[in-house]
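Chemist: One structure is given below, represented as structure tokens, and several questions about it will come after.
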Amino acid sequence: MKSIDSRLRKLLGHAPKHYFDDKIASHRGYWGERLISQLVFAHELSKVQGGRHAALIERALTFAEERIEDEGFIARQAALQAEGLLGALAHEAKSYEILCVAHAHIDMNWMWSWDETVSIVIDTFRTMLNLMNEYPDFTFSQSQASIYRIVEQHAPDMLAEIKERVREGRWEVTASHWVEADKNMPSGESLSRHLLYTKRYLARLFDLDPDGLNLDFEPDTFGHSVHVPEILANGGVGYYYHCRGNDEQVLYRWVAPSGKSVIAYREPTWYNDYAQAALGSYVPEIGRRTGLKTYLNVYGVGDHGGGPTRRDLERLKDMNDWPIYPRIRFGTYAEYFKQVESIADKLPVVTGEQNFVFTGCYTSQSRIKTANRAGEAALNEAETFASAASVATGIDYPSASFEEAWRDVLFNQFHDILPGSGVLETREHALGLFQNAMAIAGTNRKLALEAIAASIDTSGLGVEDDKRTISEGAGVGFGASEFMPTQVERGRGSTRIVHFFNPSAHDREETAEIVLWDWNEPGRSPVVRDSGGNETPHQVVDQGFNKYWGHRYMRLLVQAKAPACGYSTYTVSEGDEAWTPFLPTDPRVDRVEAFELENERLRVTFHPVNATIVSMIDKTTGEQLVDPSRPTGLFRLIQEDPGKGMSSWWVGRYMNVSSVHENVKLKWGGKGPVRQTLQYELEFGRSKLKVAVSLDRGSSRLDFRAECDWHEIGTADSSIPQFNFHWPLGYECDSYQYDVPFGTTERKPLDMDVPANSWAIGLRRDSGKPGKPGKPSLMLVTNNKYGFRGTDRSLSLSLIRSSYDPDPYPELGNHHRMSFAIDLVDPTSSVRERIEKAYRFNHPFSALSGTPHPGALALDSGFLKLTEGTVAVSAVKMPEDREGKRWIVRAYETDGRRTTASLLLFAKPIAAYFVDTNERRISPAESVCLDDRSVSFDVEAYSAATICVEFQ
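Its first residue numbered 325, the sequence shown is counted upward by one per residue in the working numbering.
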């Protein structure tokens, strides 16, 4: 005799090809659908109990089969009779409950423009409010603070209706983030700002307790980084709903490396669903897996909004009356997780990142990736120096402007925008928001730097008053395209003042650039001096023949120093030229030209034909860091197999990998005491590439700056072209370390793209082992890329991908500017030091032209310095609730051990205490210690801590 499973399959009809197809395809009519659905539920219930009710189900099933055989369908009377045969199961069936939580998944600008997103929101919410008027027990839940901002701006009368439903408890606000964001590419600080700005905004808008905004609803997010539970717990979020990232546990406790955790629910079916009669079939098995008899049914048409339909509500109300079926009621996520709390101590524990899915999204739409990194970096610096300037000089801190800029950055972190799985209109709107964010961040950063500079006592620097110069005011806007403070000239004459600003919490010495405008002595070598009058190594990049809007400029490279979170002051003046006889410069002898970059730490040799790297020697150990048999520093054109489809989302199998290093034009771009640069150009396919490789004085870092005019086009019939940088390692490597939001993670070699915030390290196998001398590993660090691949003793970086859907031409043009570097990582270095290396690469010194004037500040000074502790400082800002002179300082522990973080401040604080991410004072077991200008506080391993510091 056939099994019950096979007989039910026959009654149901052919198996659906897609989840959203009708589960009952046999068209049995209402009563047939009702009975078959109850039979399926009863069978699933019996299965989780070891087949306990098989005989009962057998009788009812046979009865149904006979009625169909005799009559061709199941009539009302037959269905009622069959339900009677199953009557003994009724009580047990009703012990199960389906909690139906309605929502409308609204993808922000996914396949459409911003104005359409606004319309989707307004139209969807009108439908929901209308249904609420008709169905008094209907409840609705909606995430994403940005959606409520749309209603506030564009439909204020509707907002009043929503507020009333929120007060009734029928409209559940499930947003704790500005959007349903990507969780791999945003920085940890960005993920913290989602919590800060969302909770503040929604608490004010709806008069809600911010503690009640405790769910992070991320149904479609493409993976989840390892420290997310730590970030959420610090922001008062205890529950996590997601669909992608793992396929094992449904309900579990997700524990961060710090030990903090959230209760996570992984949707076992799907988050865009409509009410189907087969709904009950999931309940017993999922109940067995979760330990609850309540099944969370998230339903409603989505992606393009819409939400539940009238049919959904009518179906659910009707299905609740079926006798051999779970109870069904409308409800909220809060109700479900309240039940979960009753079994919280029994939940399985899951650790580690919940990855990977849609690996192409780490690279697709590269301009949006650049916008995210640049926006985060500019806001970090702007807030740091605005905080310093506000306390030190008294200027106003522009918190409202910063919030507006952050909202723009956070909106672009939506899981279809930053990952690059949108269309042309998606990108256009994202880049418009980016420009607004940069206007705010750049302007306020510059104003803060200028306020600090105006308070520096530069009166003793001996600058002459030359009123005949045209240099003052030259260079307006210069540097904005590089996302740096604009290099407008404020000085004049033959002595100029320059201030260098360092946003890092550590003292720094590195190469920095000065732009001199309308320098009247191009024939005389300039002299650069620090604040003590000491000459500083420098190098003229180009003489004063660069034209810019009615002015001319020249550039200098300087070996500069600057204190932590502070500034230094330098002067540029005319040098004294000694007389020497001028001799002819015509060449006399030809010699073999070696293309080699060398400084105190490294010697790097390039192949004279194709410009790949054939040798890289660590001069401190004599170690060869590359494998001479494998071309290194290699740009590659990869053809991905488009067979999987969804080309924006997936990196296809590599069909062909080829070097682009053919017919290379190689030349010196500069060779001086501060920087050596080799330049090369080449063409491949339809595209062109320009590369400058530089090695700075005393640096362990080999810098690459590339510009690509990209014209490769992907199609479903051919391939997905990818541009890629490849660096084989000259040592054995069994694992790779990557930076992720608020920390790092170590992964085994994987022949697939994986995400990192900005860097990856191929960890040397024998590094630091007893009896073996420590040898360095290599770091690949970037300023605007996120997709890495660590495998086969090599590091690769995905630079550009010409996916073809949903945007057929996402990358065409000469706008691809990228910087990345290979840096030596000493075996004894801490993770904190590695994170600092990457911070310095992404946050070079800012230069500001100065003038002579009296002031209260010294020529060189810092505002905040990390003097102790394995922590990285992620933010220095002022509180959102402005009262007095206060700083918010956030740091996270990097090395996996409890540490004491000590900060040396520029002024003596009067108080300091812990706050949470939402900037509310908390009282942990240990307090913050003050000692004159020092502030110290303990940070647990892998934890983030936020303190508030008050000044007089």
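C-beta: ideal position from N, C-alpha, C; glycine also. Being a predicted model, the structure only gives us computed values, none of them experimental.
1. Between Y598 and chain C, is there a C-beta pair that is closer than 7 Å?
2. Pick out the complete alpha helix (DSSP H) segments inside the region 574-637, 4 residues or longer, and give them in chain order.
3. Under 7 Å between the Cβ atoms of S470 and W434?
4. Short check: CB of G512 to CB of N679, under 7 Å?
5. S1011 to L1123, Cα distance in whole Å?
6. Counting only the same chain and skipping the five closest in sequence on each side, list residues whose C-beta sits under 6 Å from that of G801.
7. Just reading off the alpha helix (DSSP H) that E395 is part of, what are its end residues?
8. Looking at the strands, I want to know which residues DSSP matches up with I780.
9. Looking only at its chain, what residues have a beta carbon closer than 6 Å to the beta carbon of L1183, apart from the 5 residues adjacent to it on each side?
10. Please list, in chain order, all residues of the same chain as A402 whose beta carbon is under 6 Å from its beta carbon, the five residues on each side excluded.
11. To the nearest angstrom, how far is it from the Cα of G967 to the Cα of A428?
12. So what's F709 in DSSP terms, helix, strand or just coil?
13. In whole angstroms, what separates the C-alpha of L881 from that of V998?
14. Is I1124 helix, strand or coil by DSSP?
15. Would the beta-carbon of S1267 fall within 7 Å of that of S1226?
16. Does the distance from the C-beta atom of T675 to that of V552 stay below 7 Å?
17. Helix, strand or coil: which one does DSSP assign to P647?
18. Hey, how far is the Cα of V984 from the Cα of V933?
19. Just grab the DSSP bridge partners of M1103 for me.
20. Tell me, please, which residues DSSP counts as bridged to T956.
21. Pick out whichever of Y721, N704, V928 has its Cα sitting closest to the Cα of S1198.
22. Which of helix, strand or coil does DSSP assign to A1269?
23. Kindly give me the distance between the Cβ atoms of K1326 and F1144, rounded to whole angstroms, as I take these residues to be in contact under 8 Å.
24. Between H367 and I328, which are expected to be in contact by the criterion C-beta below 8 Å, what is the C-beta distance as a whole number of angstroms?
25. Could you pull the start and end residues of the alpha helix (DSSP H) that H367 belongs to?
26. Please tell me whether T956 and I937 are closer than 7 Å, where the distance is taken between their beta carbons.
27. By a C-beta neighbour count over all protein chains shown, 10 Å radius and 16 as the cutoff for buried, is H823 buried or exposed?
28. Is the region 699-715 touching the region 737-752, taking contact as three or more C-beta pairs under 8 Å?
29. Taking Cβ positions, are G1179 and I719 nearer each other than 7 Å?
30. Identify which residue in L1006, K991, F1008 has its Cα closest to the Cα of Q1000.
31. Relative to the C-alpha of K326, which candidate in I348, F365, E389, L1104 has its C-alpha closest?
32. Give every residue of the same chain whose Cβ lies closer than 8 Å to the Cβ of A499, excluding the five residues on either side of it in the sequence, and list them in chain order.
33. Would you call the CB atoms of S1127 and S971 closer than 7 Å?
34. Are there 16 or more other CB atoms within 10 angstroms of the CB of Y657, so buried, or fewer, so exposed?
35. Looking at R352: is its Cβ nearer than 7 Å to the Cβ of I398?
36. If we call anything under 7 Å between Cβ atoms a contact, is F464 one with A426?
Modeler: Working from what's here:
1. Any reference to chain C falls outside this structure, which holds one protein chain only.
2. If we require 4 residues or more, the alpha helix (DSSP H) runs fully inside the region 574-637 come out as 607-614.
3. S470 places its beta carbon 7 Å or farther from that of W434.
4. No, the Cβ-Cβ distance between G512 and N679 is not below 7 Å.
5. One Cα belongs to S1011, the other to L1123, and the distance between them is close to 14 Å.
6. If the five residues before and after G801 are omitted, its C-beta is found closer than 6 Å to the C-beta atoms of T810, all from its own chain and listed in chain order.
7. Per DSSP, the continuous alpha helix (DSSP H) segment holding E395 begins and ends at 378-395.
8. Looking at the DSSP assignment, I780 forms a beta bridge with L1181.
9. The beta carbon of L1183 sits closer than 6 Å to the beta carbons of S855, T893 from its chain, once the five residues preceding and following it are set aside; these are given in chain order.
10. Taken in chain order, the residues that qualify are R391.
11. Near 32 Å, if we compare the C-alpha coordinates of A428 and G967.
12. The answer is helix: DSSP assigns F709 an H, G or I state.
13. One C-alpha to the other measures close to 7 Å.
14. Here I1124 sits in strand by DSSP.
15. For S1267 and S1226, no; Cβs fall outside 7 Å.
16. The beta carbons of T675 and V552 sit no closer together than 7 Å.
17. The answer is coil: DSSP assigns P647 none of H, G, I, E or B.
18. Those two C-alpha atoms are separated by around 12 Å.
19. Note: M1103 is bridge-paired with I1085, D1147 in the DSSP secondary-structure output.
20. I937.
21. Residue N704 is the option with its Cα nearest to S1198.
22. Correct three-state label for A1269: strand.
23. With the chain covering 325 to 1276 only, the question about residue 1326 has no answer from this structure.
24. I328 and H367 do touch by the CB rule: their CB atoms are close to 6 Å apart, below 8 Å.
25. In the DSSP assignment, H367 falls within the alpha helix (DSSP H) that extends over 353-371.
26. Their beta carbons are under 7 Å apart, which means T956 touches I937 by this criterion.
27. Buried, by the Cβ-count rule.
28. No, because fewer than three Cβ pairs between the region 699-715 and the region 737-752 fall closer than 8 Å, the two stretches do not touch.
29. With contacts defined by Cβ atoms closer than 7 Å, G1179 and I719 do not form a contacting pair.
30. Of the candidates L1006, K991, F1008, the one whose C-alpha sits nearest the C-alpha of Q1000 is K991.
31. The shortest Cα separation from K326 among I348, F365, E389, L1104 belongs to E389.
32. These residues qualify, in order along the chain: Q466, S467, Q468, A469, I471, Y472, T522, L526, L537, F541.
33. Their beta carbons are under 7 Å apart, which means S1127 touches S971 by this criterion.
34. With 16 or more Cβ atoms within 10 Å of its Cβ, Y657 is classed as buried.
35. In this structure, R352 lies near I398, with their beta-carbon atoms less than 7 Å apart.
36. Yes; because the gap between Cβ atoms is below 7 Å, this pair is in contact.
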